[in-house]
Structure formats: structure tokens, C-alpha cells
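Enquirer:
Residue numbers (the UniProt record's numbering): 1 to 163.
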């Protein structure tokens, strides 16, 4: 099964629109963009906290694979929200062969470096409106799930659609 990123993105947009309608959420475009970036940053930090690689000298948390998957899905969801708000949805969708190449990359030598790189690229995409930086962050986020967390495309898709 190939991850249907276009479908997941559409699902994310529909869910947000439905939520905003039902709860009468009204926020301006710029504030909405800031909120989406903060939500993405926080969800990435939560995932990192659950993974616990950076907690040197501390007891590593006992976290189920289901909890890691749920936290990763939150990162994916917030990435979709940012892409939609920035009108960069075209950066989310990938050809199956490109997704396959990404899934076969080597695991990160340093998850700390990977986390910092994602954060840096997201900052650039927000403050400098750099689409290329967002695309780099997105690819690193996908790689984090597929390679470093060893999640399958099916796991990600099923968990996202059943969220």
C-alpha cells in the first residue's frame, strides 16, 4: 500500500473546516497560520519527549508503540494544516517512487540533529515564507515516521483516517 498523501491532506482540511464550523471558530489568516505553526511545533516536541532519546542520564519513558503512532499522527496532522493554510498543499503530495526512496534512507545518526533541522526548516518556512524549507521539513517528518520510528505506510494511513 502506498501512502495516499493527497487523501490524507483532504481529510485534514475537511476535519478542520467541520470543527471550525461546529465550534464557530473564527480567526484571521495570519493568526491562524501562527496557531498552526505553534501546534506543529508543540506536537513535534511532544513526540520527541515520548521518544526520549535526548533524556541522557534519565530513565527512558515506557511508551507503547500505539502512543508513539498517535503522537506521530498529530505531527502529520499539524503539518497538513500548515500546508493548507500556506496554500502549499502541492508540497505534501509525493510520487510513490519518491516516497519509497525516502522510506529506504538510513536512520538518523542523531535524532537531536534531525529534530533541530525540522524546527529550523519550519521556522524558515514561517518567518521567510520559504516553500523549499517547508518541503525539507516535511520530508524529514515523513522519514522520521517511516525510518526512525519504523512505522509502515499502512499504519500511518489507517491511524490517520481512524483518528
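The beta carbon of each residue, even a glycine, is placed where N, CA and C say it ideally should be.
#1: Quick check on residue 48: buried or exposed, where buried means 16 or more other Cβ atoms within 10 Å of its Cβ?
#2: Pick out whichever of 61, 154 and 87 has its Cα sitting closest to the Cα of residue 29.
#3: DSSP three-state call for residue 139: helix, strand or coil?
#4: Once you ignore the five residues that flank residue 35 on each side, which residues in its own chain have a CB closer than 8 Å to its CB?
#5: For the region 89-107 and the region 58-67, state whether three or more C-beta atom pairs, one from each stretch, are separated by less than 8 Å.
#6: So, under 8 Å CB-CB, residue 125 and residue 133 are touching, yes? Tell me the CB distance rounded to an integer number of Å.
#7: For the alpha helix (DSSP H) that contains residue 51, what are its first and last residues?
#8: On the three-state DSSP scale, how would you describe residue 146?
#9: How many angstroms separate the CA atom of residue 16 from the CA atom of residue 114?
#10: Flag this pair as yes or no: are the beta carbons of residue 37 and residue 145 separated by less than 8 Å?
#11: Take residue 102 and list the residues in its own chain whose beta-carbon comes closer than 7 Å to its own, dropping the five residues that flank it on each side.
#12: Helix or strand or just coil, what does DSSP make of residue 92?
#13: I need the DSSP call for residue 86, collapsed to helix, strand or coil.
#14: Among 112, 58 and 94, which one has its Cα closest to the Cα of residue 7?
#15: Tell me which same chain residues have a C-beta within less than 7 Å of the C-beta of residue 82, skipping the five on either side of it?
#16: Among the residues of its own chain, which have a CB less than 7 Å from the CB of residue 79, if the five just before and after it don't count?
Expert: So, from the data block:
#1: buried
#2: 87
#3: helix
#4: 27
#5: no
#6: 4 Å
#7: 29-51
#8: helix
#9: 28 Å
#10: no
#11: 139, 142, 143 and 146
#12: coil
#13: helix
#14: 94
#15: 36, 37 and 40
#16: 40, 138 and 141
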